[in-house]
Amino acid sequence: MLVSELLLLEEGLYSNIAVIGDKKVYKYLKQTLNTELVDIDFIEDFKDYTRNPRVYHRVINGLENVDYSKIYNSIHHQGWLITLPKIYKYELIQHLDEKNFVAINETDKHITAKRMHGWGS
0 MLVSELLLLE
10 EGLYSNIAVI
20 GDKKVYKYLK
30 QTLNTELVDI
40 DFIEDFKDYT
50 RNPRVYHRVI
60 NGLENVDYSK
70 IYNSIHHQGW
80 LITLPKIYKY
90 ELIQHLDEKN
100 FVAINETDKH
110 ITAKRMHGWG
120 S
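This is the structure:
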């Protein structure tokens with residue numbers, strides 16, 4: 000599964016991951032990742048998404064109608080957003096750029112974007 004490859008988890012370092020709207024991806028990651036070093040939260044509906052800043056190292060999004068500013072603020076500096084192919088739209092790349100994400104890339108209709116310290120708000 001490409002999502003696990005895109006996570007770019009650093010060996011031996013703790014990581015906190017949020018999976019938004021895709022239970023299949025959540026279950027897959029729970030089964031395949033070392034849960035001693037990785038904490039994975041499942042968020043079924045975006046209205047339940049965290050209000051806490053910089054909580055996640057990785058956010059995997061499978062929902063179309065989300066607030067990317069809120070996601071940006073919830074990601075640790077140098078953390079990643081990964082969108083799933085089912086919500087792919089080319090326009091999303093520009094939208095993420097407008098929300099201050101950097102290093103935006105597209106791979107097999109997955110979009111990855113990074114939050115960098117000192118960039119944006």
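The sequence shown begins at 0 in numbering that gives the first Met the number 0 and counts up one residue at a time.
The beta carbon of each residue, even a glycine, is placed where N, CA and C say it ideally should be.
What's the gap between the Cα of Asn64 and the Cα of Asn33?
Taking the straight line from one Cα to the other gives about 30 angstroms.
What I want to know is whether the C-beta of Val37 ends up closer than 7 angstroms to one or more non-hydrogen atoms of the ligand FAD.
Although the ligand FAD was asked about, the structure shown includes no ligands whatsoever.
Exposed or buried, which one is Met0 when buried takes at least 16 other CB atoms within 10 Å?
The predicted position of Met0 is uncertain, since its pLDDT is 48 and thus under 50; no value can be drawn from it.
Would you decide whether Val101 is buried or exposed? Buried here means 16 or more other CB atoms lie within 10 Å of its CB.
exposed
Could you check whether the stretch 105-118 touches the stretch 75-90, counting it as contact only if at least three pairs of C-beta atoms, one from each stretch, sit closer than 8 angstroms?
yes
Closest to Ile42 by C-alpha separation, out of Thr31, Leu36 and Ile70, would be which residue?
Ile70
On the DSSP letters alone, give me the boundaries of the beta strand (DSSP E) that Asp96 sits inside.
It is not in any beta strand (DSSP E) - Asp96 instead sits in the alpha helix (DSSP H) that spans Glu90 to Glu97.
Going by Cα to Cα distance, which pick from Asn72, Tyr27, Ala17 and His109 is closest to Tyr87?
His109
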